[in-house]
Amino acid sequence: MERYDFDKMELNDVAALAAGGNVSAIEFIVNSLRGTIKQKARSFYVSGADSDDLVQEGMIGLIKAIRDYSPDKNASFRTFADICITRQIFTAIKASRCKKHIPLNYYVSLYNTVGDNDGSEHYLVDELDADEATDPIENMALKEEFDSFSAALSQRLSPLENQVLEKYLLGMNYKEIAKELQRSEKSIDNALQRIKQKASVVLEEGGKV
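Residue numbers for the sequence shown follow this note's numbering, so the first one is 5 and each next one is one higher.
Here it is, written out as structure tokens:
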């Protein structure tokens with residue numbers, strides 16, 4: 005059996021081996037992304053949810069990503085895996101709770117930037133259109149739900165709250181947002197709390213404009 009030094013290989017190449025059934029490659033990917041899954045599960049944590057259960061769902065999503073990954077269709081395994089992990093956790097939350105309890109961080113995660121091998125960056129939500137290896141109907145429904153939620157929330161927010169949310173979605177912290185908008189950190193924190201409250205109302209109403 006040929007031995008591979010996975011630490012020196014591109015993750016896409018390791019994923020291709022894993023998709024072909026290489027057990028060592030599968031174990032390497034699972035161990036490499038275990039921390040990422042735990043972090044994502046914590047970010048999705050809501051009152052009453054079991055973080056360990058969400059980690060398990062994330063692992064299921066990762067295994068599905070390994071199973072379905074195709075280098076020809078999916079340029080970046082990391083991006084593809086992120087989509088599969090996020091969707092699996094989201095599906096588990098939707099199955100166990102009503103929509104009003106879906107955390108705002110889920111929607112924020114769809115606006116996280118992801119990088120391709122060529123160094124370019126784009127939003128994770130944009131990958132839903134380009135993701136050919138997963139259910140296109142499910143992808144379209146998810147993106148439509150997100151777009152509807154975003155439009156409805158934007159209409160509820162004040163100009164300041166929209167500015168704060170935009171910066172927050174770009175990954176800026178309270179201090180950075182406060183500095184850029186020339187506001188106190190306390191005012192930024194208050195704005196984000198109001199955003200989350202309004203987001204909960206929008207979700208409870210079904211995310212409609």
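All C-beta atoms in this analysis are idealised placements derived from N, C-alpha and C, irrespective of residue type, glycine included.
Using a Cβ-Cβ cut-off of 6 Å (strictly less than) and excluding sequence neighbours within five positions of residue i, which residues of its own chain qualify?
i    : result
K171 : I181
N194 : none
F10  : V18, F32
C102 : Confidence at C102 is low in this model, with a pLDDT of 48, below 50, so its placement is unreliable and the value that follows should be read with caution. Closer than 6 Å at the Cβ level, and outside the excluded window around C102, lies no residue.
S51  : Residue placement at S51 cannot be trusted, given a pLDDT of 39 that sits under 50; what the coordinates show is reported in the next sentence. Same-chain partners within the cutoff: there are none.
Between residue i and residue j, how many whole angstroms is the CB-CB distance? I'm expecting something under 8 Å.
i   : j   : result
A45 : I87 : A45 to I87, Cβ: 16 Å. No contact.
Y73 : A23 : 5 Å
I41 : V59 : 6 Å
Grab me the residues of residue i's own chain with a C-beta within less than 7 Å of its C-beta, minus the 5 sequence neighbours each way, in chain order.
i    : result
L161 : L169, I199, K202
E1   : As displayed, the chain neither begins before 5 nor continues past 213, which places residue 1 out of reach and without an answer.
N166 : S158
I192 : V168, Y178, I181, A182
L164 : A195
G62  : I41, K44, A45, I89, Q92, I93
Determine the extent of the alpha helix (DSSP H) in which residue i is found, giving its start and end residues.
i    : result
K179 : 178–185
A79  : Element bounds for A79: n/a, residue is neither H nor E.
Y172 : 163–173
K12  : Neither: K12 is in no alpha helix (DSSP H) and is coded neither H nor E.
G65  : 55–72
| Does the region 21–38 come close enough to the region 63–80 that 3 or more CB-CB pairs lie under 8 Å? | Taking 8 Å as the limit for Cβ pairs, the verdict is that the region 21–38 does touch the region 63–80.
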